[in-house]
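Asks:
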Amino acid sequence: MKKALILLVLLPAVLLLVGCEEKYTPDPEVEQYLNTGLTPDKAFEKISAVSYTTTNIVRDADGNQTGQNVVYVHFDVSDEDCYVYSNRQTYDGIYIRNNVKESVTSVSKDGENYLYTTVKTYVDGSSDVNEQNIDKTFVHDLIRSHVFTQNGVYAEGGLYFGDYFMQYIYRYPAEAFYIDHEQNLCVFDAVIDVNNSVAGRTFIKQNIKINALGLITYYYEQYQSAEERTTLTSETIPQYVFVPEDN
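So this is what it looks like as structure tokens:
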């Protein structure tokens, strides 16, 4: 495992995978790994089912945990006539909004359409349930949004990071990327020193691994604010079931 590359970036805002305007020449091996016609649609078509957990934690200057948000998502698109989807989120500390400590959303087949159910549980132990009927297209788009959304130029958000990597191998030094031959993954590993008038000085540590489809197999990000002395970490660990090759 290579040590994280430390980069200094001067930008007006702190963004995911912040890059500078200078164009770099990527490692040919990394460029070749990514230059295979990756698209979010191709990646989505290869997915049969996914389960992933995202854990977000905020700590204060003394290292005490002041908030935690854990997201558990599962979906299964192997049966086009009966999609499966669930999303459970728990909130603690500063992540609690409107006294909600847990929110569970699920989709179940209801005749020709689906029933979209959300159950919210509050800090006082009470709960409420909201249900609405939705069609197959809504469920499909909801599930796909966990893999990617299209902003008109490139795919962003979700589990698909192929487009991000294809852009940023030219915006970061080649040393920020490498190929994990044992796992057949492309890895971005760097500590970014961001200094701007909006957020002040912030250190962003990222370790992101994607497979040959452009899907993340591991995501870790840590924000450290030098001025507020707070730390935010986010870690996502997915598990995939892919469509068999002969399909």
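Count along the sequence shown from 1, add 761, and you get the number used in this note's numbering.
Idealized CB from N, CA, C, for every residue including glycine.
All figures in this text were calculated on a predicted structure; none of them were measured in a lab.
1) Pop quiz: Y921 and A810 are said to be a contact at Cβ under 8 Å. What is the actual Cβ separation, rounded to whole angstroms?
2) Assuming the contact rule is C-beta atoms closer than 8 Å, V900 and V880 should be a hit. Round their C-beta distance to whole Å, please.
3) Quick check on DSSP: helix, strand or coil for T800?
4) So, under 8 Å CB-CB, N860 and Y883 are touching, yes? Tell me the CB distance rounded to an integer number of Å.
5) DSSP state of F909, grouped into three classes?
6) For a test of the three-state rule: what should DSSP assign to A916, helix, strand or coil?
7) Is it the case that the region 969–979 contacts the region 992–1008, given that we only count it when at least three CB pairs across the two stretches are under 8 Å?
8) Locate the alpha helix (DSSP H) running through Y844, then write down its first and last residues.
9) Would you kindly work out how many angstroms separate the C-alpha atoms of D885 and E863, rounded to a whole number?
10) In terms of residue numbering, what span does the beta strand (DSSP E) encompassing Y981 cover?
11) Could you check which residue in D853, F938, Y844 has the C-alpha nearest to that of E792?
12) Taking 7 Å as the cut-off, decide whether the C-beta atoms of T827 and G854 are in contact.
13) For a test of the three-state rule: what should DSSP assign to H942, helix, strand or coil?
14) Cβ atoms of V868 and T851: under 7 Å apart, would you say?
Replies: So, from the data block:
1) As a first step, residue 921 is located in the sequence shown; it is residue number 160 there, counting from the start. As a first step, residue 810 is located in the sequence shown; it is residue number 49 there, counting from the start. So it is not a contact: roughly 16 Å between Cβ atoms.
2) Here residue 900 corresponds to residue number 139 of the sequence shown, with the count starting at 1. Here residue 880 corresponds to residue number 119 of the sequence shown, with the count starting at 1. The pair is not a contact, with the Cβ atoms about 18 Å apart (cut-off 8 Å).
3) As a working mapping, residue 800 is identified with position 39 in the sequence shown. If DSSP states are grouped into helix, strand and coil, T800 belongs with coil.
4) Residue 860 sits at position 99 when you count from the first residue of the sequence shown. Residue 883 sits at position 122 when you count from the first residue of the sequence shown. So it is a contact: roughly 5 Å between Cβ atoms.
5) By one-based count along the sequence shown, residue 909 stands at place 148. F909: coil per DSSP, three-state reduction.
6) Your numbering for residue 916 matches position 155 in the sequence shown. Three-state result, A916: strand.
7) yes
8) If you number the sequence shown from 1, residue 844 lands on position 83. Segment: none, Y844 is in no alpha helix (DSSP H) and carries neither H nor E.
9) In the sequence shown, residue 885 corresponds to position 124, counting from 1. In the sequence shown, residue 863 corresponds to position 102, counting from 1. If you take the alpha carbons of D885 and E863, they lie about 12 Å apart.
10) Here residue 981 refers to the residue found at position 220 of the sequence shown. Here the beta strand (DSSP E) through Y981 covers 977–986.
11) By one-based count along the sequence shown, residue 792 stands at place 31. Checking every option, the nearest Cα to that of E792 belongs to F938.
12) As a position in the sequence shown, residue 827 is number 66, starting the count at 1. As a position in the sequence shown, residue 854 is number 93, starting the count at 1. Cβ distance < 7 Å, so T827 and G854 count as in contact.
13) For the purposes of this step, residue 942 is identified with residue 181 of the sequence shown, where counting begins at 1. Note: H942 maps to coil in three-state DSSP.
14) To locate residue 851, count along the sequence shown from 1; it is residue 90. To locate residue 868, count along the sequence shown from 1; it is residue 107. Contact: no.
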